[in-house]
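J.: Mind having a look at this structure? Questions to follow.
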Amino acid sequence: MIAIDGDRLLADLRALKQFGAHGSGVDRVALSAADLAARRWLVGRLQEAGLTASLDRVGNVVGRDPGARKTILIGSHTDTVPRGGWLDGALGVICALEIARAAREAGDKGAVGIDVVSFEDEEGTFLPFLGSRSFCGTLAEAEIAAARAEDGTGLAAALAPLAGETTLHRLDPTRHLAYLEAHIEQGPRLEASGRRIGVVTGITGIRRFRVTAKGAANHAGTTPMAMRRDAGAALIRIAAWIGDAFPGLAGAETVFTIGAMAFRPGAANVVPGEAEMAVEIRDLDTALLDRMENALRERVAEAGRGNVSVAMERTTEVTPTAMADDLVAALAAAAAAHGEEPVRLPSGAGHDAMVLGRVVPAGMLFVPSIGGISHHVSENTADADIVLGCTVLADAVSRLRKILAA
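Just so we're aligned, residue 1470 is where the sequence shown starts under this note's numbering, counting upward by one.
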């Protein structure tokens, strides 16, 4: 088994935290000066560990195990949301660094090597999963040309500091036999259960919808209730129906949200003539997502048969991604070997493993998030849980290397 150095792991995590440090958190958005400095620091650490490492022209960092023809790829991302936490993504990258380094220090030159990756812009500052999609060959040049941050900065302009990099890292299915990613849970379930390791069964699919209503704006004091064409009231009735009906349609792991609602013109003394709301559903089961979407469409159609027109459009569809059974089993066995009964759970948040898992077998391990908090400067995980998570991941890597070498 690969024996990691927990103190070194924590020291590297804290060293990475200094790039873009913001109070107890980090502000290291994709392609910022802090982000690029952190990536160049990581290249140096990977080279010191004996890997052949480089930064490519979209910001991905890859450390290759020299001499290995077949490898397990381990990693995550090191960009953050604005004023984000210090562990989201960074945990997985530094765990990967430590596992690869510890294996090489032990003279472990198995038939299956270890490559390390830090993907760019997982958080979507310019384009969600920019790095992992580029790596997997599913990113079109037209998307790069069109992508912009919220402040209007174009992705092409933001990539200018990398113009001198000639490499474009790509996944090689003959080399990269599997992908593993350690991550903070970003939710409360592990902490609430008292468990220290989560094994991800899959990454949920996402359906987002825009529901709009069009009636007629009019004076709120002089328009009788029975004669109103109130777009706001129409959507409120649909929202109430969602709260009543969706629990009966949902599965044990389904989550659904009405995340935004707006009335226009938006004045206390005007009956809303237009209204809009955003609805989101997440689950691993595509058939269940279909069922809930169809039920919502039927309710919207029914609501539109009155004196207010109501319409619905799907604005986002992300396909669920199952984690590979062999990798799930290896992670669970590794946790058990270290005295931990893992929680098997879906990830409700998107991760680079979702992109990789569509082209190679992928697996994910979670460690607890204190208070279930993430994407915030107070994001944290106990040091002991960080070290345990890396130890379990290293054990799983050892198990998988034997299986994949056979």
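Built from N, CA and C at the ideal position, the CB exists for glycine as well. Remember, it's a predicted structure, so these values are computed and weren't measured experimentally.
1. Taking three-plus beta-carbon pairs below 8 Å as touching, is the stretch 1576–1586 in contact with the stretch 1661–1673?
2. CA-CA distance, residue 1733 and residue 1744?
3. So the candidates are 1542, 1700, 1659 and 1652; which of them puts its Cα closest to the Cα of residue 1642?
4. According to the neighbour-count rule (16 or more other Cβ atoms, all chains shown, within 10 Å of its Cβ), is residue 1788 buried or exposed?
5. List the endpoints of the continuous beta strand (DSSP E) containing residue 1722.
6. Residues bridged to residue 1733 by DSSP?
7. Contact between the stretch 1559–1572 and the stretch 1600–1620 is defined here as three or more beta-carbon pairs at a separation below 8 Å; is this criterion met?
8. What ranges does the beta strand (DSSP E) occupy inside the stretch 1498–1584, keeping only unbroken runs of at least 3 residues that lie completely in it?
9. Measuring CA to CA, which of 1535, 1624 and 1861 is closest to residue 1518?
10. So residue 1483 is in the alpha helix (DSSP H); what residue range does that whole segment cover?
11. Does the pairing of the stretch 1829–1847 with the stretch 1798–1816 give three or more beta-carbon distances under 8 Å?
12. In the DSSP output, which residue or residues are listed as bridge partners for residue 1752?
13. Are residue 1549 and residue 1585 closer than 8 Å when you measure CB to CB?
14. Applying the 10 Å Cβ sphere with the 16-neighbour rule, what's the burial state of residue 1786?
15. From 1705, 1755 and 1742, pick the residue whose C-alpha is nearest to that of residue 1673; which is it?
16. Excluding five sequence neighbours on each side, which residues of the same chain lie with their C-beta closer than 6 Å to the C-beta of residue 1730?
17. Residue ranges of each beta strand (DSSP E) run of no fewer than 3 residues wholly in the stretch 1794–1850, ordered along the chain?
18. If you count every other CB in all the chains shown that lies within 10 Å of the CB of residue 1693, and 16 or more means buried, which is it?
T.: Result, derived from the coordinates:
1. no
2. As a working note, residue 1733 is residue 264 in the sequence shown. As a working note, residue 1744 is residue 275 in the sequence shown. Each residue's alpha carbon lies about 6 Å from the other.
3. Indexing the sequence shown from 1 puts residue 1642 at position 173. If we check each option's Cα against that of residue 1642, 1542 comes out closest.
4. Taking the sequence shown and counting its residues from 1, the one referred to as residue 1788 is at position 319. Result: exposed.
5. As a position in the sequence shown, residue 1722 is number 253, starting the count at 1. It is not in any beta strand (DSSP E) - residue 1722 carries neither H nor E in the DSSP assignment.
6. Your numbering for residue 1733 matches position 264 in the sequence shown. Residue 1733 is bridged to 1743.
7. no
8. 1521–1524, 1530–1533 and 1540–1546
9. Numbered from 1 along the sequence shown, position 49 holds the residue referred to as residue 1518. Nearest C-alpha to residue 1518: 1535.
10. Along the sequence shown, read from residue 1 onward, the residue named residue 1483 stands at position 14. Per DSSP, residue 1483 belongs to the alpha helix (DSSP H) from 1475–1486.
11. yes
12. For this step, residue 1752 is matched to residue 283 along the sequence shown. According to DSSP, which records beta bridges pairwise, residue 1752 is partnered with 1674.
13. Position 80 of the sequence shown, counting from 1, holds the residue named residue 1549. Position 116 of the sequence shown, counting from 1, holds the residue named residue 1585. The answer is no: Cβ separation not under 8 Å.
14. In the sequence shown, the residue the question calls residue 1786 occupies position 317. Exposed is the call here.
15. If you number the sequence shown from 1, residue 1673 lands on position 204. Looking at the Cα atoms, 1755 is the closest of the given residues.
16. Counting from one through the sequence shown, the residue named residue 1730 turns up at place 261. These residues qualify, in order along the chain: 1746.
17. 1812–1816 and 1831–1836
18. The residue given as residue 1693 occupies position 224 in the sequence shown. Under this definition residue 1693 is an exposed residue.
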